[in-house]
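Here the structure comes first, spelled out in structure tokens, and everything after it is commentary.
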Amino acid sequence: MVRKLTYMLFFLLSVAEGYGQQLISYVTVSHTDPYVGQPVQMTVSVYTETWFTQGVDVGNIQVEGALTVYFRSLPNQRTFNGKRFTGVDFIYNLFPTQPGPLRITPLHIDVVSPRPGDSKGIKHTLATKAKKLTVKDIPLGINPNEWLVSSSLDVSQRWNASLITVKVGDVLQRTITRSAGGTLSEFIPAAVWDSVAGVGIYPKRPITRTEKTKTYVSGFRSETVNYLFEKEGTVILPKQEFLHWNVRYNKYYKRIIDSITINVAPNPNLGILTGIKKQLESETKAEQEPEQKAKLIFGMTWKEFLKLIATVLALSVIAFYSLKWALLNVRERYRTYKESEQNAFRRVRWSLRYKKKSKFFDFAKRWLLKLELKERSLDFFIQQYGTENLRQNYIILKTNVFDNNTSINPNYSVLNKELALARKQFLKKRMSVQKHEVQQQEKDWLNPIGIGE
Numbered sequence: 025m026v027r028k029l030t031y032m033l034f035f036l037l038s039v040a041e042g043y044g045q046q047l048i049s050y051v052t053v054s055h056t057d058p059y060v061g062q063p064v065q066m067t068v069s070v071y072t073e074t075w076f077t078q079g080v081d082v083g084n085i086q087v088e089g090a091l092t093v094y095f096r097s098l099p100n101q102r103t104f105n106g107k108r109f110t111g112v113d114f115i116y117n118l119f120p121t122q123p124g125p126l127r128i129t130p131l132h133i134d135v136v137s138p139r140p141g142d143s144k145g146i147k148h149t150l151a152t153k154a155k156k157l158t159v160k161d162i163p164l165g166i167n168p169n170e171w172l173v174s175s176s177l178d179v180s181q182r183w184n185a186s187l188i189t190v191k192v193g194d195v196l197q198r199t200i201t202r203s204a205g206g207t208l209s210e211f212i213p214a215a216v217w218d219s220v221a222g223v224g225i226y227p228k229r230p231i232t233r234t235e236k237t238k239t240y241v242s243g244f245r246s247e248t249v250n251y252l253f254e255k256e257g258t259v260i261l262p263k264q265e266f267l268h269w270n271v272r273y274n275k276y277y278k279r280i281i282d283s284i285t286i287n288v289a290p291n292p293n294l295g296i297l298t299g300i301k302k303q304l305e306s307e308t309k310a311e312q313e314p315e316q317k318a319k320l321i322f323g324m325t326w327k328e329f330l331k332l333i334a335t336v337l338a339l340s341v342i343a344f345y346s347l348k349w350a351l352l353n354v355r356e357r358y359r360t361y362k363e364s365e366q367n368a369f370r371r372v373r374w375s376l377r378y379k380k381k382s383k384f385f386d387f388a389k390r391w392l393l394k395l396e397l398k399e400r401s402l403d404f405f406i407q408q409y410g411t412e413n414l415r416q417n418y419i420i421l422k423t424n425v426f427d428n429n430t431s432i433n434p435n436y437s438v439l440n441k442e443l444a445l446a447r448k449q450f451l452k453k454r455m456s457v458q459k460h461e462v463q464q465q466e467k468d469w470l471n472p473i474g475i476g477e
């Protein structure tokens with residue numbers, strides 16, 4: 025029952041009518057109070073009472089304050105208000121990046137769908153309603169630098185050499201890799217390398233990646249550190265703890281790499297220690313410098329720079345398409361006018377004004393083709409809508425042209441004026457008929473019994 029009421033609400037809020045057809049678009053989310061980093065499934069649904077003749081274009085969906093990941097689209101059928109609709113659901117995951125209110129702005133979706141009983145697609149632009157979410161902050165007592173929301177977490181480590189025969193001056197490389205299900209690599213926190221007496225620690229730049237299928241996403245983070253053993257004796261590398269919050273079970277899980285004990289043997293050749301240390305420091309600095317330099321671009325952070333570029337591009341695109349639309353609109357309006365009944369009749373009146381007898385009948389023939397007449401002839405039109413004065417002058421004009429009888433000439437001024445009045449009578453009658461047809465269609469549409477019969 026609740027589900028039916030929900031669909032009914034979507035129908036009332038999101039239904040769009042155009043060209044005598046119904047289309048529906050709306051957005052649903054799996055929950056409205058996620059934690060920072062917790063995925064929210066967002067479904068964008070678009071439905072029509074007929075079918076789509078082209079692919080549905082939902083555009084590049086971006087939500088401020090969240091990372092958006094597209095998964096797949098699913099064709100679907102659903103009943104709204106007792107009527108069967110065909111459509112498609114687009115499934116995304118939203119990953120909130122900060123606590124507080126999160127707003128999914130209205131989406132504008134371009135579709136092409138025919139009216140009932142027709143096969144020619146008509147373009148429509150649908151708009152969804154905005155959605156509001158409240159993102160919860162990291163729970164109290166949990167270190168923000170360790171916070172990770174994931175459905176699973178796998179941790180592994182490897183060394184580039186044996187830990188049994190280690191002496192002063194040796195460099196061992198340790199790599200810890202984490203694979204987190206249901207999240208992105210951006211949300212996997214950096215590993216913490218605790219300082220150890222007698223050991224130099226030189227982290228390398230982490231390697232991250234996100235893998236996605238049509239139904240699942242997972243993040244990977246691989247971090248490598250170089251240990252330089254500077255003193256002989258026993259060295260204990262502390263244990264590593266990696267935590268993750270499993271929303272499904274509402275529970276905090278911990279993955280642990282136990283502490284490691286290494287016996288460092290003496291090395292009579294201590295002169296190499298200084299050179300190795302400088303080399304590691306140089307390598308670490310070289311890896312960190314590109315990241316530091318990339319933080320400032322023309323005196324701006326990369327986020328500020330990207331926002332500036334995005335703003336400039338957006339304004340440029342808006343200006344370009346506005347100008348293009350204006351030119352196309354002017355061109356289309358001019359083309360429409362040239363092909364219009366109004367322009368055709370203007371030519372008819374021009375021929376009468378300047379007494380162009382032969383051109384009058386040619387222009388009149390073209391004009392009549394644009395009128396919805398039972399019989400597209402000037403004789404029929406004047407007989408139906410003209411006055412006696414117009415009929416008499418028209419007969420005289422026909423005698424002049426076709427019988428070559430110029431003993432009497434028509435009054436061109438009267439012809440011009442009376443023909444304009446006849447056209448006015450015709451347009452008035454046609455508008456009255458069209459208005460009645462529209463009222464009848466609206467009456468049929470609003471009467472569900474009438475529709476079903």
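25 is the number of the first residue of the sequence shown in our numbering; add one for each residue after it. Positions of the beta carbon are idealized from the N, C-alpha and C atoms, including for glycine.
With distances taken Cα to Cα, identify the nearest neighbour of residue i among the options.
i	options	result
glutamine 407	Leu332, Gln449, Glu328	Gln449
valine 220	Gly243, Val271, Asn250	Asn250
asparagine 167	His268, Ile300, Glu311	His268
leucine 150	Gly165, Val223, Val68, Ser306	Val68
proline 88	Ile281, Tyr94, Asp134, Pro120	Residue identity check: residue 88 is glutamate in the sequence provided, not proline. The shortest C-alpha separation from glutamate 88 is found at Pro120.
glutamate 170	Asn274, Arg279, Glu328	Arg279
alanine 444	Val372, Ile432, Gln458	Val372
arginine 447	Lys398, Asn435, Gly61, Phe405	Phe405
leucine 451	Gln78, Asn429, Leu397, Leu351	Leu397
leucine 252	Ser54, Pro434, Val190	Val190
valine 70	Gly61, Phe104, Pro58	Phe104
glycine 83	Asp403, Val135, Arg233	Val135
Excluding the five sequence neighbours on either side, which residues of its own chain have a C-beta within less than 8 Å of the C-beta of residue i, listed in chain order?
i	result
glutamate 365	Trp391, Lys394, Leu395
threonine 258	Thr285, Ile286, Asn287, Val288
arginine 400	Leu392, Leu393
aspartate 282	Lys263
Three-state secondary structure (DSSP) at residue i?
i	result
phenylalanine 244	strand
glutamine 197	strand
leucine 445	helix
tyrosine 94	strand
phenylalanine 405	helix
aspartate 386	helix
threonine 52	strand
isoleucine 342	helix
tyrosine 71	strand
tryptophan 349	helix
lysine 327	helix
valine 438	helix
threonine 149	strand
glycine 299	helix
lysine 228	coil
Between residue i and residue j, how many whole angstroms is the CB-CB distance? I'm expecting something under 8 Å.
i	j	result
isoleucine 290	valine 179	Per the sequence shown, the amino acid found at residue 290 is proline instead of isoleucine. That pair is no contact at about 34 Å.
valine 159	leucine 126	5 Å
threonine 56	phenylalanine 109	About 25 Å separates the two Cβ atoms, so there is no contact after all.
isoleucine 115	leucine 131	That pair is no contact at about 14 Å.
glutamine 101	threonine 92	At roughly 27 Å, the Cβ-Cβ gap does not stay under 8 Å, so glutamine 101 and threonine 92 are not in contact.
leucine 157	valine 64	7 Å
lysine 379	tyrosine 436	5 Å
threonine 77	proline 138	6 Å
Among residues of its own chain, excluding the 5 on either side of residue i, which ones have a beta-carbon nearer than 7 Å to its beta-carbon?
i	result
glycine 383	Glycine is not the amino acid found at residue 383; the sequence shown has lysine there. Around lysine 383: Ser375.
asparagine 184	Leu196, Gln197
serine 203	Asp178, Ser242, Phe244
isoleucine 432	Ile420
glycine 124	Val159
Near residue i, which residues of its chain fall below 6 Å by C-beta distance, leaving aside the five closest residues on each side in sequence?
i	result
glutamate 247	Ile200, Ala215, Pro230
leucine 29	Reliability of the predicted coordinates at leucine 29 is poor, the pLDDT of 47 falling under 50, and the value obtained from them is presented with this limitation in mind. Cβ within range, chain order: n/a, list empty.
Buried or exposed: residue i, going by 16 or more other Cβ atoms within 10 Å of its Cβ?
i	result
alanine 334	exposed
histidine 460	exposed
serine 456	exposed
histidine 148	buried
leucine 342	Per the sequence presented here, residue 342 reads as isoleucine, with leucine not at that position. Under this definition isoleucine 342 is an exposed residue.
valine 80	buried
serine 209	buried
alanine 154	exposed
arginine 245	buried
leucine 330	exposed
glutamate 442	buried
phenylalanine 426	exposed
leucine 177	buried
isoleucine 133	buried
isoleucine 296	exposed
glycine 243	buried
isoleucine 48	buried
glycine 165	exposed
glycine 410	buried
glycine 206	buried
Using 8 Å as the cut-off, classify the Cβ of residue i as near or not near the heavy atoms of the ligand MN, replying yes or no.
i	result
tyrosine 436	With respect to the ligand MN, the structure offers nothing, as it holds no ligand at all.
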